[in-house]
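Going by my numbering, the first residue of the sequence shown is number 52, and it counts up by one from there.
Yeah, the Cβ is synthetic: ideal placement off N, Cα and C, and Gly gets one too.
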Amino acid sequence: MTWTLTEANPKNYPRKFLVLLDAVRQYNDNIDNDIPLLWKAFQFAQNAHMGQFRRSGEPYFEHVYNTALILTDLSMDTITLCAALLHDVVEDTAISEEIIAEEFSPTIAFLVKGVTKIGGIKFNSEQEQQAENFRKMLLGVAEDIRVLIIKFADRLHNMRTLGSLPLVKQRRIAIETRDVYAPLAHRLGMYRLKMEMEDLALKYLEPRIFNFLEKKISAKREELEAYINNFTGLIDKKLRENGIEAVIFGRLKHFYSIYNKMKKQNKPFEEIYDVLAIRVIVNTVAECYGSLGYIHQLFKPIPERFRDFIANAKSNGYQSVHSTVIGPGGKLIEIQIRTHEMHKKAEVGIAAHWKYKESKDNDDSLDKHIQWLRDLVDMLKSDSANESDFMETLKIDLFKDEIFVFTPKGDLISLPKGSTALDFAFAVHTEIGLRCIGAKVNAKIVPLNTELSSGDQIEIITSANHSPSYNWLKYVRTNKARSRIRKWL
Numbered sequence: 052m053t054w055t056l057t058e059a060n061p062k063n064y065p066r067k068f069l070v071l072l073d074a075v076r077q078y079n080d081n082i083d084n085d086i087p088l089l090w091k092a093f094q095f096a097q098n099a100h101m102g103q104f105r106r107s108g109e110p111y112f113e114h115v116y117n118t119a120l121i122l123t124d125l126s127m128d129t130i131t132l133c134a135a136l137l138h139d140v141v142e143d144t145a146i147s148e149e150i151i152a153e154e155f156s157p158t159i160a161f162l163v164k165g166v167t168k169i170g171g172i173k174f175n176s177e178q179e180q181q182a183e184n185f186r187k188m189l190l191g192v193a194e195d196i197r198v199l200i201i202k203f204a205d206r207l208h209n210m211r212t213l214g215s216l217p218l219v220k221q222r223r224i225a226i227e228t229r230d231v232y233a234p235l236a237h238r239l240g241m242y243r244l245k246m247e248m249e250d251l252a253l254k255y256l257e258p259r260i261f262n263f264l265e266k267k268i269s270a271k272r273e274e275l276e277a278y279i280n281n282f283t284g285l286i287d288k289k290l291r292e293n294g295i296e297a298v299i300f301g302r303l304k305h306f307y308s309i310y311n312k313m314k315k316q317n318k319p320f321e322e323i324y325d326v327l328a329i330r331v332i333v334n335t336v337a338e339c340y341g342s343l344g345y346i347h348q349l350f351k352p353i354p355e356r357f358r359d360f361i362a363n364a365k366s367n368g369y370q371s372v373h374s375t376v377i378g379p380g381g382k383l384i385e386i387q388i389r390t391h392e393m394h395k396k397a398e399v400g401i402a403a404h405w406k407y408k409e410s411k412d413n414d415d416s417l418d419k420h421i422q423w424l425r426d427l428v429d430m431l432k433s434d435s436a437n438e439s440d441f442m443e444t445l446k447i448d449l450f451k452d453e454i455f456v457f458t459p460k461g462d463l464i465s466l467p468k469g470s471t472a473l474d475f476a477f478a479v480h481t482e483i484g485l486r487c488i489g490a491k492v493n494a495k496i497v498p499l500n501t502e503l504s505s506g507d508q509i510e511i512i513t514s515a516n517h518s519p520s521y522n523w524l525k526y527v528r529t530n531k532a533r534s535r536i537r538k539w540l
């Protein structure tokens, strides 16, 4: 290092640093204690990347700075912001991981190293190489999920600035974003990032479709905004009359979602009616259900489109009540009702409730909502796991629809759609799965490979003298069950 870092002093702060500080102050009242560390990382990264430029011609520092800014939208801690500012220093400059650890902390150095490792992984279509790359990625982030959260922000900014790259690179990065990073973001409940990544991927993979949708929506924007304002106004009035104060806003579903509806329904844009989504945010769970009732008094609901993710939370922690109603003019409108706390989690997912620890060695730091990741890592460490099994398991875990089933005591368990009674046994407890000899679904004895449906109540019959057979591998779909069976065999 040949540069000198200045002490934290407001007189020295450039506008960019002040913008970053203002963004952090929106959610961290104690940022003043962390300013010296953040200012040091800001200067360090700026100096380390001095003279480096991106293909677009802008200074390279702009990328790491914007990566950190994206993370402020997720309310991330100072350690993560520092690692974001420094995330390309080891890869693109002469600065080593050891220097980062010495100048900052081992935790920041660990995060930087993790992001650097993920950055070196390139995904392709060959299953064996694809599986190996996923292995490297998931093993790399399992110790501290913040590595992946930083990588999401890094990838999102790269997608926002993808236009300056050659077309071949644009396509490779967009496919990787759509097929790898967006599903992972979804699995971690980070819907805001997921939707923007999907839309940007569509922009570069299907530019004609993207431009078509942009023009169609732009031409109808005033009409749609007027419709949303009228619709939300009616709901607001009804709720206020009944003593419920709510924040209500509407939006068009994102382009990628509309595009998928067009493909799935084989219809043109003009015939896709459920393109509007309304969010109703209230103070309590009781007001969620109260609001639902009042809204159904105003607009006829479609029963089969009702989902209660408050009583039956998704495995990534997402909670809301969903109802699709027939609005004015016969338009189908999806309404999501949630509390303010649920809304925060729905927007930023695991970033809203991650319990950060200074030590990366603390296994308890992995939140229950990423238990699936811990189970998958166990499978990765199993020598008997082959590429096709691993990719099939990963596909189920990332792209799954969920079902919600119950134990005899009424405890709720979430499983991938298509899961069997044997998957359920392992979900309850590994020992129950290993000693399972039979199952009852809704009080009827069924084979272990019986596929479950939402609402089923399952009782597992066990025997201390029983153990798994190789056939069981054909009966299960979850990585946890498959991994535990393999370990036993």
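Below 8 angstroms, enough C-beta pairs join the segment 344-364 and the segment 377-389 to call them touching: three or more.
Proximity to R486 across E265, S520, L463 peaks at S520, based on C-alpha coordinates. Secondary structure note for I332: its beta strand (DSSP E) is the uninterrupted segment 327-333. Looking at N209, G240, N81, T57, the one whose alpha-carbon comes closest to that of E227 is N209. Around the beta-carbon of H237, 16 or more other beta-carbon atoms lie within 10 Å, marking it buried.
For the options D80, A494, I488, the alpha carbon positioned closest to that of A515 is the one of I488.
Each residue's CA atom was taken as its position, placing I260 and I121 some 27 angstroms apart.
The C-alpha of Q370 is placed about 25 angstroms away from the C-alpha of K382.
Of the candidates T481, N317, L244, K168, L244 places its Cα closest to the Cα of G400. Under the DSSP definition of a beta bridge, Q387 partners with R330, H373. A Cβ-Cβ separation of about 35 angstroms leaves L290 out of contact with I200 under the 8 angstroms criterion. Note that the C-beta distance between G368 and G240 is below 7 angstroms. Annotation note: the segment 118-171 contains the following uninterrupted alpha helix (DSSP H) runs of length 4 or greater, listed N- to C-terminal: 129-136, 140-143, 148-154, 157-170. When DSSP reads this structure, I464 sits in a beta bridge with V456. With a cut-off of 8 angstroms on Cβ pairs, the segment 142-157 is not in contact with the segment 218-227, counting fewer than three such pairs.
Spatial neighbours of Q103 in its own chain (CB-CB distance under 6 angstroms, excluding positions within 5 residues in sequence) are listed in chain order as Y111. Under DSSP, R356 forms no beta bridge with any residue. Put simply, the backbone Cα of E453 is about 6 angstroms away from that of S465. Nearest in C-alpha terms to N293, of all of K318, V333, F300, is V333. C-alpha of S342 to C-alpha of R330: approximately 11 angstroms in a straight line. For T283, the three-state secondary structure derived from DSSP is helix. If you compare the alpha carbons of M101, L327, I169 with that of I146, the shortest gap goes to M101. With distances taken between CA atoms, S107 lies nearest to T212 out of P65, K468, R76, T212. With fewer than 16 other beta carbons inside 10 angstroms of its own, W539 counts as exposed. Every alpha helix (DSSP H) of 4 residues or more that sits fully in the segment 241-329 is shown, in chain order, as 242-256, 258-292, 306-316.
In the DSSP annotation of this structure, E502 is not part of any beta strand (DSSP E), being labelled neither H nor E.
With distances taken between CA atoms, F360 lies nearest to L463 out of L463, Y278, M246.
Sixteen is the threshold: when 16 or more other Cβ atoms of the shown chains lie within 10 Å of the Cβ of I511, as they do, the residue is buried.
Within the same chain, and ignoring the five residues on either side of A233 in sequence, the residues whose Cβ sits closer than 6 angstroms to its Cβ are K245, M248, E249. When DSSP states are grouped into helix, strand and coil, I511 belongs to the strand group.
Counting of Cβ neighbours within 10 angstroms places T335 among the exposed residues, the total staying below 16. Per the DSSP secondary-structure output, K495 pairs in a beta bridge with V492. When rounded, the separation of the alpha-carbon atoms in L303 and K318 is 18 angstroms. The DSSP-derived three-state label of T471 is strand. In this model, K91 and V115 are separated by some 14 angstroms (Cα to Cα).
Separation of the CB atoms of A99 and A119 is rounded to 14 angstroms, and the pair is thereby denied contact status at 8 angstroms.
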